[in-house]
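Taking numbering that gives the first Met the number 0, the leading residue of the sequence shown gets 0, the next gets one more, and so forth.
Beta carbons: idealized from backbone N, C-alpha and C, even for Gly.
All figures in this text were calculated on a predicted structure; none of them were measured in a lab.
Working notes, structure below.
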Amino acid sequence: MRVLVVGGGGREHALCWALSRSPLLTKLWCAPGNPGIAEVAACVPIGATDVAALVRFARQESVELVVAGPEAPLTLGLAGACAEAGIPCFGPSAAAAQLEGSKAFCKAVADEAGVPTAAWRRFDDAAAARAYIRAQGAPIVVKADGLAAGKGVVVAATVEEAEAAIADIMESRVHGEAGATVVIEDFLQGEEISFFALCDGETALPFGAAQDHKRVGEGDTGPNTGGMGAYSPAPSFTPALQQQAMERIVLPTLRAMARRGTPFRGVLFAGLMLTAAGPKLIEFNVRFGDPECQALMLRLRSDLLPALLAAAQGSLAGVQLAMSDDPSLVVVMAAEGYPGTPRKGTEIRGLAAAAALPGVRIFHAGTARRADGAILADGGRVLGIGGTAATLRAARDAAYAAVDALDWPGGFCRRDIGHRAL
């Protein structure tokens, strides 16, 4: 099969790496890709949000499956454009992608489906939002309604912090038009889990769970990021809880989306809070998480390609996935300044030595290759350092040994990835 992966981050590197191992694969492209992805796929200089150019390329090269990595091209209609061209696409339609594109849409579908989630209100007026916050008290959660690269959520410990979030999101528009509307939710107490299920519109197949670390600082302190590390499996997410999540959250949502005439195909990423009353939905995403995807792909033992094709074509029934019992752990290395303005252009040395360590796999996220071959930091989150081993502690040790083998003064990471499980 001829496959095009859309995107250029660590998630897409992990997807390309997994797909490259499929015996069914004849040609793999990635648009736009990155220097790490270039080791397993042909990189194409087309932006991930240039839907017309992506579909044109797919037609020219007789691509048989398009795999969407990030959410933006999906909300812009990539799946529908592929369908018009007769090309299967792993990812939901623009209408179904609103599960991630709009927090208010997601919550409305959850209510309609009877999915357990936090009580919420939608606001497009800052004064009304502030009045609601004062009436409710804290802790309370403020979310930009639209896409904000994983940074549009503020878990406010005080009313003052929540009001400051309203000022930033709605008035200063730190996330652009994504903050024109906000969703304000009750705070949920518990442990947070990222749960993934492949969906074909009717059928859902569990893909596994991971726990990520959103805060930039150790001990889960500092501002939210796109994710500073992840590990899989999550010991607290038992098989019984997974079954609850499927029966109470994933499958009811699939049925509600089908009733609306917008069946969901692709991967449904349920951000869950494990509360005393059972799993509750925090939010849905319509793509694999980053860096959770890297942790999951390190454990995957099945051929990824036929599973993604089956989801895209509505034929998941009967498909099975095998995951290794060995845990995996991914440490994100970010450039100085992240999650603010990252320092770009610093050289990363020692990649080959780090990658050669036992149990280590390195995924590129925000990198560029200089004319002389040197790898440079070219984003906020730059590398995902993955370790796999028989125990989570050993997987963590492998990942941090690789971190320590790198020579990159311009980068940093959290040193406590996996702390909740360990």
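Following the DSSP letters along the chain, one finds Asp406 in no beta strand (DSSP E), marked with neither H nor E.
Comparing alpha-carbon positions, the option among Ser235, Leu315, Leu295 lying closest to Gly277 turns out to be Ser235. Shown here for Ala80: same chain residues with a beta carbon closer than 6 Å to its own, the five before and five after excluded, namely Val50, Val54 in chain order. CA-CA distance, Gln293 to Leu18, rounds to 13 Å.
For Gly270, the enclosing beta strand (DSSP E) covers residues 264-274.
Gly417 is positioned such that its CB atom lies closer than 9 Å to that of Leu391. When secondary structure is reduced to three states using DSSP, Asp185 falls in the strand class. When the beta-carbon positions are compared, Ala355 and Asn33 stay at least 9 Å from each other. Its chain contains Val50, Ala67 as the residues whose beta carbon lies nearer than 6 Å to that of Leu77, once the 5 sequence neighbours on both sides are disregarded; these appear in chain order. The C-beta of Ala203 has 16 or more other C-beta atoms within 10 Å across all chains shown, which makes the residue buried.
The Cβ atoms of Glu291 and Ala209 sit closer than 9 Å to each other. Of the candidates Asp123, Ala370, Arg380, Leu421, Leu421 places its Cα closest to the Cα of Ala393.
Judged by pairs of C-beta atoms under 8 Å, the segment 108-124 touches the segment 250-261, as three or more such pairs exist.
Pairing Glu346 with Ala373 gives a Cβ-Cβ distance under 9 Å. Between Phe283 and Leu98, the alpha-carbon positions lie close to 6 Å from each other.
Taking all protein chains shown into account, Arg380 has 16 or more neighbouring C-beta atoms within 10 Å of its C-beta and is therefore buried.
Contact check for Pro91 and Leu73: beta-carbon distance about 6 Å, within the 8 Å limit, so the pair qualifies.
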